[in-house]
Amino acid sequence: MHILVFVKQVPDASQVRVNYETGTLIREGVPAILNPFEEHAVEEAVRLKDEHGGKVTVLTMGPPQASEALKQCLARGADKAYLLSDRIFAGSDTLATSYALYEGARKIIELEGDVDLFFAGKQAIDGDTAQTGPGIATRFDLPLVTYLIKINEINLEEKYVVATRLTEFGQETVKVPIPVFFTVEESLNVLSHSPLPYLIKAEKAKIELLSGENVNLDKQQCGLKHSPTMVKKAFTPEKRQRGATLSGTLDEVADQIASKIAPFLKKVS
Amino acid sequence: MGDIRYDVAIVGAGPAGLSAAIVLAKAGVKVIVIERGRFPGSKNVMGGVFYTDCMKGVVDDFPGKAPVERHIVEQRMWLIDDESYVGFTHKNAKFDNQPYNCHTVFRAQFDKWLAQQATGAGALIINQTVVTEPIMEGDKVVGIRTDRPEGDIMADCVIAADGVNSFIAKSLGFRSNLKKNAVALGVKEIIGLDEKVINDRFNVSGSQGVTIEMTGSLFEGAEAMAFLYTNKKSVSLGVGMIIEDMIEHNINPNELMESLKAHPAISPLIEGGETKEYLAHMIPEGGYNEMPRLFGDGVMIAGDAAMMVNAVHREGSNLAITSGKLAAQTYLEAAEKGDFSADTLSVYADKLQESFVMKDLKKYKELPKLLQKNRHLLDKYPKLINDAAFELLKVDGISKQAKQRSIWKNMKQQIGFTRMLKDLYKIWRTVG
Ligand SMILES: Cc1cc2nc3c(=O)[nH]c(=O)nc-3n(C[C@H](O)[C@H](O)[C@H](O)COP(=O)(O)OP(=O)(O)OC[C@H]3O[C@@H](n4cnc5c(N)ncnc54)[C@H](O)[C@@H]3O)c2cc1C
Ligand SMILES: Cc1cc2nc3c(=O)[nH]c(=O)nc-3n(C[C@H](O)[C@H](O)[C@H](O)COP(=O)(O)OP(=O)(O)OC[C@H]3O[C@@H](n4cnc5c(N)ncnc54)[C@H](O)[C@@H]3O)c2cc1C
Chain Y
5 MHILVFVKQV PDASQVRVNY ETGTLIREGV PAILNPFEEH AVEEAVRLKD EHGGKVTVLT
65 MGPPQASEAL KQCLARGADK AYLLSDRIFA GSDTLATSYA LYEGARKIIE LEGDVDLFFA
125 GKQAIDGDTA QTGPGIATRF DLPLVTYLIK INEINLEEKY VVATRLTEFG QETVKVPIPV
185 FFTVEESLNV LSHSPLPYLI KAEKAKIELL SGENVNLDKQ QCGLKHSPTM VKKAFTPEKR
245 QRGATLSGTL DEVADQIASK IAPFLKKVS
Chain X
6 MGDIRYDVAI VGAGPAGLSA AIVLAKAGVK VIVIERGRFP GSKNVMGGVF YTDCMKGVVD
66 DFPGKAPVER HIVEQRMWLI DDESYVGFTH KNAKFDNQPY NCHTVFRAQF DKWLAQQATG
126 AGALIINQTV VTEPIMEGDK VVGIRTDRPE GDIMADCVIA ADGVNSFIAK SLGFRSNLKK
186 NAVALGVKEI IGLDEKVIND RFNVSGSQGV TIEMTGSLFE GAEAMAFLYT NKKSVSLGVG
246 MIIEDMIEHN INPNELMESL KAHPAISPLI EGGETKEYLA HMIPEGGYNE MPRLFGDGVM
306 IAGDAAMMVN AVHREGSNLA ITSGKLAAQT YLEAAEKGDF SADTLSVYAD KLQESFVMKD
366 LKKYKELPKL LQKNRHLLDK YPKLINDAAF ELLKVDGISK QAKQRSIWKN MKQQIGFTRM
426 LKDLYKIWRT VG
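So the sequences go chain by chain: Y and X. Here the working numbering is used: the first residue of the first sequence is 5, the next is one more, and so on. Here the working numbering is used: the first residue of the second sequence is 6, the next is one more, and so on.
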């Protein structure tokens, strides 16, 4: 089984402060870390590998320093790490990023063989868009399971996975064919303390480099110029109101609800 | 996986451990460094003055591309009182000659850079891993155990460079727990200021910098040592106090820091600055008399782990670098013989004795005791001297002679004439 995990290096959000005058983030001097969701994605991938055999490959798009994040994945037990780095990616939004990662992944498939499970984090803590994973899955035309919280079963013969995902209202358990794309929640697993030999291997490992040189790229889909996203305004969202708790007998509660929604119903009709 | 085997296993990627790693790796020795922090330097603190000379034989072209802040051209020493100070300043154009005598540094950046030099030379550094105990074969140290699964590392020789709280030195029985009177707590803030503001306020330009050392009673009569060092775009302001005194005077480090920041001689220097970081760390101040055993079968102790701090001259990192270097050289000699017994490794202690490390530590060895038995030296004298300076310089119609008489009387009252003579003699004997 071949598992590919998309990982991103992000500024440690716990150390980022906000300039309240300009509404921008002060990133100066903030250490870069592996996006926390991907720690869990790699952890899960390595556990699945240990259980079912196979290998785990990780891929990041970013500047050369992002290899630090890749090393962390290797220390967690990933087998091989790819860094996709090129000036032409500078200023990419999620559309351009997912394109670049899609092409990077295709190259990895060419080099390492078909991928059965794709993992990405639910979202990156610096952008929080949660669009990149779905963007890649769509380009591959893969079934997509977002907000993964549990892998219940993997059947490699019949090529399916049973997985549970979080929804806004509860949980959903789905059966999906392999290959499949997951974006994961932190509650997927508890991080383990990696064995020392993994860390030693990670320090010695070579990071494989991908760039415009060895990856097939349509330059018309890369970088700032081909990133249609525009930041119009940054603002603090209003706090979501907490729901009120109604109490009483069933009839009383029904009455309370009716009287609360009556004015809205009138407006609509 | 089988045994993990290295020629040398080093505990701690601070200056001591890293300098040893660099010297060893350059000589082709298979060396591993275990560091508990997220990266070397991530947890390390110092005021920030790093001396160039100790890097000879470690990184010869220092500072080269190393992350240094300002080179120091002026050093101020102040005896402080609540509202005043009496100071001594030395500024010298010679301090502008390369190689610079010393620079201010940030440890988070400096240690990381030093670690890169070690890795570049071929050493392996493993972060986020804690060494939990030495692995013994009888009395001989044969490796280290870490907190990770499959985490044992076997080695011909272990260098414990694990800092002030050295767990290794303790578990080998080389020393006991730190005594409350032999260790100080240092707190420090990095206060961001414009480069130009710093240049104006301290009367420097380019990469020139200034240090201020302060001694006296800063807070409710308790003696403290404080410092202010200029960086490129910030100043490092810190204060330290022997832990026993903190407990006795019931002082918490924040109060101490706040009163330093509010001191009329300091507050204008940091005005308008923004605190960027707050750090705290212990400083071993017991000196020579509190040093542990420095070597055993298959093991050597270096840097803060061996209490190698010269508190009088705020030197520690250079002693750490030097001891790491000497430990590495001792290993290389031992490796030629193929013998890592305590007998062979005793050369390490000899090398230290011949170097400035032990000579300096010996010179001041009675100072911690002197200060401990004579607390008035640091809390009364600075006050008296400040009062005297004020009396002398205030023009108020009283004759200078009368002023001198009154100062003298005050001194005799506060301390006593014979006591003063004795103090002078003692100080001269200890630091002279
Ligand atoms: C207008 C605009 C300009 C930008 N300019 C820059 C820039 O100049 N430099 C820069 O560094 N960033 C830039 N970014 C952000 C960068 O492109 C983001 O990496 C990308 O858009 C992902 O968005 P996100 O952080 O919201 O990730 P999400 O979509 O929230 O991430 C979800 C998951 O996708 C995967 N993932 C996301 N990004 C990567 C990646 N790079 N490599 C591997 N896996 C990944 C991870 O698994 C992650 O958990 C820009 C973004 C925008 C909108
Ligand atoms: C406030 C303050 C100001 C100072 N100012 C100066 C100054 O201006 N100039 C100067 O020269 N010196 C100064 N010093 C002293 C100087 O910081 C130390 O002497 C120096 O850092 C000692 O280096 P070291 O390598 O021995 O120990 P450290 O720098 O403490 O390094 C020890 C390393 O070991 C690691 N470690 C510890 N235990 C374990 C374990 N069990 N497993 C794995 N890793 C472990 C630690 O994380 C650390 O990285 C100052 C100290 C303080 C606290």
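Just so you know, even glycine gets a beta-carbon here, dropped at the ideal spot from N, CA and C.
Self-check item: Reference V91 of chain X; option with closest CA among X:I390, X:A316 and X:H286
Solution: X:I390
Quiz item: Under the three-state reduction of DSSP, which class applies to G22 of chain X: helix, strand or coil?
Solution: helix
Self-check item: Cβ separation of Y11 of chain X and A160 of chain X, assumed to be a contact under 8 Å, to the nearest whole Å
Solution: 5 Å
Quiz item: From S47 of chain X to T137 of chain X, what distance separates their C-alpha atoms?
Solution: 19 Å
Exercise. Name, in chain order, the residues that DSSP records as bridge partners for K96 of chain X.
Key: X:E79
Quiz item: Which two residues bound the contiguous beta strand (DSSP E) that contains K12 of chain Y?
Solution: Run containing K12 of chain Y: none; DSSP gives neither H nor E here.
Practice problem: Verify the CB distance criterion: does I204 of chain Y have a CB-CB separation below 8 Å to chain X? | Solution: yes
Quiz item: So is the beta-carbon of F93 of chain X under 7 Å away from any non-hydrogen atom of ligand 2?
Solution: no
Quiz item: When DSSP labels each residue in this structure, what does F123 of chain Y get in the three-state scheme?
Solution: strand
Quiz item: Do you know how far the Cα of Q114 of chain X is from the Cα of H44 of chain Y?
Solution: 29 Å
Self-check item: Local conformation of M251 of chain X per DSSP, three classes
Solution: helix
Practice problem: Go to F185 of chain Y, then tell me how far its alpha helix (DSSP H) extends in each direction, as first and last residue. | Solution: It is not in any alpha helix (DSSP H) - F185 of chain Y instead sits in the beta strand (DSSP E) that spans V184 to V188.
Quiz item: Any heavy atom of ligand 2 closer than 7 Å to the CB of D167 of chain X?
Solution: yes
Self-check item: Any chain X beta carbon closer than 8 Å to P147 of chain Y
Solution: no
Quiz item: To the nearest angstrom, how far is it from the Cα of K399 of chain X to the Cα of I326 of chain X?
Solution: 48 Å
Practice problem: Below 9 Å between beta carbons is the criterion; list the residues of the stretch 140-167 of chain X that meet it against any residue of chain Y, in chain order. | Solution: T151, D152, R153, P154, E155, G156, D157 and I158
Quiz item: How long is the line joining the alpha carbons of V146 of chain X and M305 of chain X, rounded to whole angstroms?
Solution: 10 Å
Practice problem: Note the first and the last residue of the continuous alpha helix (DSSP H) segment covering K356 of chain X. | Solution: A347 to E359
Quiz item: Does H56 of chain Y come within less than 8 Å of chain X when only Cβ atoms are used?
Solution: no
Practice problem: State the DSSP-derived secondary structure class of R169 of chain Y, mapped to helix, strand or coil. | Solution: strand
Quiz item: Applying the criterion that 16 or more other CB atoms from any shown protein chain within 10 Å of the CB defines a buried residue, is N255 of chain X buried or exposed?
Solution: exposed
Quiz item: Would a C-beta distance cut-off of 8 Å place E47 of chain Y and N156 of chain Y closer than the cut-off?
Solution: no
Self-check item: Same chain only: Cβ atoms within 6 Å of Q135 of chain Y, ignoring 5 sequence neighbours per side
Solution: T98
Quiz item: Whole-angstrom Cβ separation of I77 of chain X and T220 of chain X, contact assumed at under 8 Å?
Solution: I77 of chain X to T220 of chain X, Cβ: 19 Å. No contact.
Quiz item: Name the chain X residues whose beta carbon is nearer than 8 Å to that of L78 of chain Y?
Solution: In chain order: nothing, as chain X lies at least about 13 Å away.
Quiz item: Are the CB atoms of A270 of chain X and I164 of chain X nearer to each other than 8 Å?
Solution: no
Quiz prompt | Beta-bridge pairing of P181 of chain Y - partner residues as DSSP gives them | solution = Y:Y164
Exercise. Using a cut-off of 9 Å between C-beta atoms, extract the partners of E277 of chain Y located in chain X.
Key: Only positions 5 to 273 of chain Y appear in this structure, which leaves residue 277 of chain Y out of reach.
Exercise. Name the residue from X:E320, X:S351, X:F224 and X:A316 whose alpha carbon lies nearest to the alpha carbon of A332 of chain X.
Key: X:S351
Quiz item: When the distance is taken between beta carbons, is E194 of chain X closer than 8 Å to M262 of chain X?
Solution: yes
Quiz prompt | Continuous alpha helix (DSSP H) stretch holding A394 of chain X: start and end | solution = Y386 to L398
Quiz item: Whole beta strand (DSSP E) runs in the stretch 194-237 of chain Y with 3 or more residues, listed along the chain?
Solution: 212-214
Quiz prompt | Contacting residues, own chain, Cβ-Cβ under 6 Å from Y386 of chain X (five flanking each side not counted) | solution = none
Quiz item: Going along the chain, which residues of its own chain have a beta-carbon closer than 7 Å to the beta-carbon of P15 of chain Y, five neighbours each way excluded?
Solution: R31, V34, A36 and D130
Quiz item: Helix, strand or coil for G66 of chain Y per DSSP?
Solution: coil
Quiz item: From P20 of chain X to D58 of chain X, what does the alpha carbon distance come to, in whole angstroms?
Solution: 14 Å
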